[in-house]
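Visitor: Below is the structure I would like to discuss, written out as C-alpha cells.
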Amino acid sequence: MAAALALTAALAGCGTAEQAHLADGPSPTLTEFTPRIGLLLPDTHTARWETFDRPLIEAKVDQVCPGCTVDYANAEGHVAAQKQQLESMITGGVDVMILDPVDARALAPAVSKAIHAGIPVVSYDRLADGPISGYVSFDARRIGRLQAEALLRAMGPEADGGQIVMMNGDPADPNATALKRGALEVFNGRVRVAKEYDTDRWRPEIAHANMSGAIAALGADGIDGVYAANDGIAGAAIAALKADFVEPLPPVTGQDADLSAIQRIIAGEQYMTVYKPFKPMADAAAEMAVALGRGDPPGAIAPEGARADTLRGVPAVQFDPISVTAETVRDTVVRDGMYTIAQICTPKYASACARAGLTV
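Oh and the sequence shown: position 104 is 99 in the numbering used here, straight run, nothing missing.
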C-alpha cells in the first residue's frame, strides 16, 4: 500500500507511514494487559464494513495483541441501535472502543458516557462528536475533489455549462459534508447543479428514488453527469437511469471501490470510484485501540499535535485516497490484492474485461 499519511489542518496529529504502523508481531507496549475491544460499525448495506474493515481490524488486533478479544456490533443503519450497542459495551466492561458512528452528533452523549467510564474511544472513518481519544480516517474533502475532478474530465466539452445531479451522502455524517465541500470547490461555477439530494443513512433505495425524481424533473437529456458520493449511491443512480432507458448513461462517480462498482466501471456504466486502501487504516485503528486499551500512549501510531485549535490535541492519522477508472483498475485494487482479476472478470463481465485489457 503506497498511500501516504497526510494530516490536514482539521487534524491534530502529524506522522509518517513508519509511525502509523507498528512492526509485525506483538505491539511494544508498557504492559502486557490484553484489553477487550469494542468494535461498532454503522451499517450492512455498505459492502466494505463486513467485507474488509471488520476482518482486517480483528486480524490486526489478534496479531499485535494475542489474547485480546473484539466485541463486535453493527448498527444496520439505526442510530438508536448503535447507541444501545455502545451503552451495552460500557456495561459489559470493554476497555476501549473503535466507533464508526451512524450519526456523529446523536452519538456524542454516548461517547461522553464512555469516556467518563474510563473507556477511550477511537473514531474510525467518520469523525465522532464528543471527547474522542483518537481518530483514523481518509481525507474526505480530498475524496470529494477527486470525484469532482474525474466527473469534469469524463464530461468533456459538457463540463463547462453542463448540468449535473449531486447525490450526496448522509447529512448526519461529517464525511458527507466534507465530500460535498471538496466537490463544490472543484465544480465552482463550471457546471450547474440542477438537482441535489442528501441520502439519509447512505441508503441505496433512497438514492434510487431521488435519481428517479431527478430524471422526471430534468428529462433524460438534461443530465450531463452524476456526482454520487459512494458506490452504493452510484449503483442505485445507475439502476434508476437504466430503468428510465437513459442512453447513453452519463458519467457517474463513486467511492469505496466495491467489487460491484469495479465491475460497473469495467462495463462502462460507472466512470470512477475512489479506492481507500482499507488495510493500513484498519491496522492503525487496531494498533491505536490496543495501545489505549492498555493505557499506553499511542504516539508510535499518531503523535499528539501541538495545535490547540485542532481536535483538542487528539492523536489522528489520515490516509490519501486514490481515484480509480477502468484504465487504473489493474494498477490499484488488483495490484494491492483487494480483488483478483478472476473475482472481477466473472462470465458476465468477461467481454468487458477483454476490451479493458484486464486479463490474467
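Heads up, the beta-carbon is just placed ideally off N, CA and C, and yes, glycines get one too. Source: prediction; values computed, not measured.
List the whole-angstrom C-beta distance separating V312 from I127, where the pair is believed to meet the contact cut-off of C-beta under 8 Å.
Guide: Rounded, the Cβ-Cβ distance is 13 Å, inconsistent with contact.
Visitor: Would you kindly work out how many angstroms separate the C-alpha atoms of E153 and V269, rounded to a whole number?
Guide: Whole-angstrom Cα-Cα distance: 22 Å.
Visitor: So is F133 buried or exposed if we call it buried at 16+ other beta carbons inside 10 Å?
Guide: Result: buried.
Visitor: Just the Cα atoms here: how many angstroms apart are S355 and L141?
Guide: Looking at the sequence itself, residue 355 is Val, so the reference to Ser does not match. Their backbone Cα atoms lie some 29 Å apart in a straight line.
Visitor: What distance in whole Å lies between the Cβ atoms of L174 and A135, which are believed to be in contact at a cut-off of 8 Å?
Guide: Confirmed, about 5 Å.
Visitor: Kindly list the residues whose CB is nearer than 6 Å to the CB of A103, restricted to its own chain and excluding five residues on each side of it in sequence; keep chain order.
Guide: D124 and G125, listed in sequence order.
Visitor: Which complete alpha helix (DSSP H) runs does the stretch 30 to 92 hold, if anything under 4 residues is left out?
Guide: Fully enclosed alpha helix (DSSP H) runs of 4 or longer: 49 to 59 and 74 to 87.
Visitor: Distance check for D219 and A212, CA to CA, integer angstroms please.
Guide: About 14 Å.
Visitor: Spatial neighbours of D168 within its chain, please: C-beta separation below 6 Å, excluding the five flanking residues on both sides.
Guide: These residues qualify, in order along the chain: R121.
Visitor: Check F273 in the structure and name its three-state DSSP category.
Guide: Three-state DSSP puts F273 in a helix.
Visitor: For A18, does the count of other Cβ atoms within 10 angstroms reach 16, so buried, or fall short, so exposed?
Guide: Unreliable positioning characterises A18 in this predicted model, as indicated by a pLDDT of 39, which lies under 50. The coordinate reading is nonetheless provided below. Exposed, by the Cβ-count rule.
Visitor: If you draw a straight line from the C-alpha of E242 to the C-alpha of G249, how long is it?
Guide: Each residue's alpha carbon lies about 20 Å from the other.
Visitor: Using only the alpha-carbon positions, how far apart do M161 and Y130 sit?
Guide: The straight-line gap from Cα to Cα measures roughly 28 Å.
Visitor: Is it buried or exposed for I159, if we count other Cβ within 10 angstroms and need 16 for buried?
Guide: I159 is buried by the Cβ-count criterion.
Visitor: Assign G294 to one of three DSSP states: helix, strand, or coil.
Guide: In the structure shown, G294 sits in coil (DSSP, three-state: anything other than H, G, I, E or B).
Visitor: Does DSSP put A223 in a helix, in a strand, or in coil?
Guide: Strand, per DSSP.
Visitor: Is E242 helix, strand or coil when you go by DSSP?
Guide: Looking at E242 - three-state DSSP - the assignment turns out to be coil, as it is neither helix nor strand.
Visitor: Return the CA-CA distance between I258 and A232, expressed in angstroms with no decimal places.
Guide: Correcting the residue type first, residue 258 is Gln in the shown sequence and not Ile. Using only the alpha carbons, I get a separation of about 15 Å.
Visitor: Over what stretch of residues does the beta strand (DSSP E) that includes F314 continue unbroken?
Guide: A311 to F314 is the extent of the beta strand (DSSP E) around F314.
Visitor: Report yes if the CB atom of T64 is closer than 8 Å to the CB atom of R43, and no otherwise.
Guide: Going by C-beta atoms, T64 is not nearer than 8 Å to R43.
Visitor: Who are T320's beta bridge partners in DSSP?
Guide: Beta-bridge pairing links T320 to no other residue.
Visitor: Is it the case that the Cβ atoms of I363 and A112 are separated by a distance below 8 Å?
Guide: As shown, the chain starts at -4 and ends at 355. That puts residue 363 outside it, with no answer to give.
Visitor: How is the beta strand (DSSP E) around M161 delimited, first residue to last?
Guide: Q158 to M162 is the extent of the beta strand (DSSP E) around M161.
Visitor: Could you give the distance in angstroms between the alpha-carbon of F47 and the alpha-carbon of V319?
Guide: Taking the straight line from one Cα to the other gives about 18 Å.
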